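Asker:
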Amino acid sequence: MTTTAIRADVFLRELALAIARNQVGANVPVHEVLAAEGITQQEYDAIKKNPTFEGYVAAYVKELTETGFSFAAKSRVLAEALLPDVYHMIKDPDVPAAVRLKAVENIVEWGDLKPKKTIEAGGGPGYSITINIPGVLPTTVGSRTQAADVVEVPTIELPSAPPKKQSTILLDEPESYEYAGDDVYL
Numbered sequence: 026m027t028t029t030a031i032r033a034d035v036f037l038r039e040l041a042l043a044i045a046r047n048q049v050g051a052n053v054p055v056h057e058v059l060a061a062e063g064i065t066q067q068e069y070d071a072i073k074k075n076p077t078f079e080g081y082v083a084a085y086v087k088e089l090t091e092t093g094f095s096f097a098a099k100s101r102v103l104a105e106a107l108l109p110d111v112y113h114m115i116k117d118p119d120v121p122a123a124v125r126l127k128a129v130e131n132i133v134e135w136g137d138l139k140p141k142k143t144i145e146a147g148g149g150p151g152y153s154i155t156i157n158i159p160g161v162l163p164t165t166v167g168s169r170t171q172a173a174d175v176v177e178v179p180t181i182e183l184p185s186a187p188p189k190k191q192s193t194i195l196l197d198e199p200e201s202y203e204y205a206g207d208d209v210y211l
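Taken in order, the sequence shown gives residues 26 to 211; the numbers are from my numbering.
#1: Is it true that the CB of residue 37 sits closer than 7 Å to the CB of residue 62?
#2: Count the other C-beta atoms from every protein chain shown that fall within 10 angstroms of the C-beta of residue 44, then say buried if there are 16 or more, exposed otherwise.
#3: Tell me which residues share the same chain as residue 72 and place their Cβ nearer than 6 Å to its Cβ, disregarding the 5 neighbours each side in the sequence.
#4: Can you tell me which of the three DSSP states residue 116 falls into?
#5: Measure the beta-carbon distance from residue 124 to residue 114 and round it to whole angstroms, keeping in mind my assumption that it falls under 8 Å.
#6: For residue 112, is the classification buried or exposed, using 16 other Cβ atoms within 10 angstroms of its Cβ as the cut-off for buried?
#7: Touching or not, the region 125-134 and the region 80-91, by the rule of three or more beta carbon pairs under 8 Å?
#8: Could you name the residues of the same chain whose beta carbon sits closer than 8 Å to that of residue 64, not counting the 5 residues immediately before and after it, in chain order?
#9: Tell me the rounded alpha-carbon separation between residue 117 and residue 110.
#10: Might you give, ordered along the chain, the residues of its own chain that have their beta carbon closer than 6 Å to the beta carbon of residue 88, omitting 5 neighbours on each side?
#11: Measure the CB-CB distance between residue 47 and residue 35 and report whether it falls below 7 Å.
#12: If you check the beta carbons only, do residue 142 and residue 133 fall under 7 Å apart?
#13: Can you find the residues in the same chain that come closer than 7 Å, C-beta to C-beta, to residue 189, ignoring five residues on each side of it along the sequence?
#14: Can you say whether residue 120 is buried or exposed, counting buried as having 16 or more other CB atoms within 10 angstroms of its CB?
#15: Within 10 angstroms of its Cβ, does residue 53 collect 16 or more other Cβ (buried), or is it exposed?
#16: How would you write the range of the alpha helix (DSSP H) that residue 34 sits in, first residue to last?
#17: From the DSSP output, in three-state form, read off residue 72 for me.
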C-alpha cells in the first residue's frame, strides 16, 4: 500500500469509529459528527457508499454494542443531562434528607471523588522473603530467624552533584513592557 492509501484507510477507520460511536451512544445529528471530524455533508455522502467504510461502521457498531459501550455512553449522556435536576434536588429542603444524601453520594461516585482505599503494610498475611547466604548459620530469636554472623557489604560513595549554575541571560526591557498572551509558569 502506498502512503496515500494508508492515510485514506486510517481516515475511513477514524470516521467509521466516530459514526459508530454516535450510533450506539449519543445519537446526535450526523452533521454534528461530521463537523467535529472536519468533513462536509457532500464528502460524507460519497464516503458512506464505500463498502469498506460500511464494513468498518458495522464492525465498530457490533464491537461497541457487545462491549457495553452503547449502554455506558447513553448512561453518561443521560447523567450529564440530569445533573442540573440532581443539583436542584440536593438544594431543595422539601426533598427528604435520605434522597438528598443519596444524590450527593451519586455525584461523588460519578465524579470519581471517593477517597482511594490504602493498603496497610505490615499487620496482616502477606509475602515473606528469605535470603540464604552460604556460610552464615541462622539462629532463632523469639519467633524470628536471624543470621548469626554479619555479612560485610561494600559501600559505594557517590560524589555530590556540582552546584547548579545560574543563567547569564539578561533581558533588558523597560518595566512598562507587556508580553502578548497569557503568562505561563512551569
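Don't be surprised by glycine CBs; every beta carbon is placed ideally from N, CA and C. Note that the coordinates shown come from a computational prediction; the quantities given were computed from them, not determined experimentally.
Answerer: Looking at the atomic coordinates:
#1: Residue mapping note: residue 62 aligns to position 37 of the sequence shown, counting from 1. Residue mapping note: residue 37 aligns to position 12 of the sequence shown, counting from 1. No, Cβ-Cβ distance for residue 62 and residue 37 is not below 7 Å.
#2: Here residue 44 refers to the residue found at position 19 of the sequence shown. Looking at its Cβ environment, which holds 16 or more other Cβ atoms inside 10 Å, residue 44 is buried.
#3: Position 47 of the sequence shown, counted from the start, is the residue given in the question as residue 72. Excluding positions up to five away in sequence, the list reads 78.
#4: Along the sequence shown, read from residue 1 onward, the residue named residue 116 stands at position 91. Residue state, collapsed to three classes: helix.
#5: As a first step, residue 124 is located in the sequence shown; it is residue number 99 there, counting from the start. As a first step, residue 114 is located in the sequence shown; it is residue number 89 there, counting from the start. So it is a contact: roughly 7 Å between Cβ atoms.
#6: Residue mapping note: residue 112 aligns to position 87 of the sequence shown, counting from 1. By the neighbour-count rule (16 or more Cβ atoms within 10 Å), residue 112 is not buried but exposed.
#7: no
#8: Translated into the one-based positions of the sequence shown, residue 64 becomes position 39. Only 40, 72 meet the Cβ criterion.
#9: As a working note, residue 117 is residue 92 in the sequence shown. As a working note, residue 110 is residue 85 in the sequence shown. Straight-line Cα distance between these residues: approximately 10 Å.
#10: Indexing the sequence shown from 1 puts residue 88 at position 63. Cβ within range, chain order: n/a, list empty.
#11: Reading the sequence shown from its first residue, position 22 is the one you call residue 47. Reading the sequence shown from its first residue, position 10 is the one you call residue 35. Not in contact: residue 47 and residue 35 (Cβ atoms no closer than 7 Å).
#12: The residue labelled residue 142 in the question sits at position 117 within the sequence shown. The residue labelled residue 133 in the question sits at position 108 within the sequence shown. Result no, Cβ atoms of residue 142 and residue 133 do not sit closer than 7 Å.
#13: Translated into the one-based positions of the sequence shown, residue 189 becomes position 164. Closer than 7 Å at Cβ, skipping near neighbours: no residue.
#14: To locate residue 120, count along the sequence shown from 1; it is residue 95. Exposed.
#15: Walking along the sequence shown from the start, residue 53 turns up at place 28. The residue is exposed, with fewer than 16 neighbouring Cβ atoms inside 10 Å.
#16: In the sequence shown, the residue the question calls residue 34 occupies position 9. From DSSP, the alpha helix (DSSP H) with residue 34 extends over 28-49.
#17: Sequence index remark: in the sequence shown, residue 72 carries index 47 (1-based). Here residue 72 sits in helix by DSSP.
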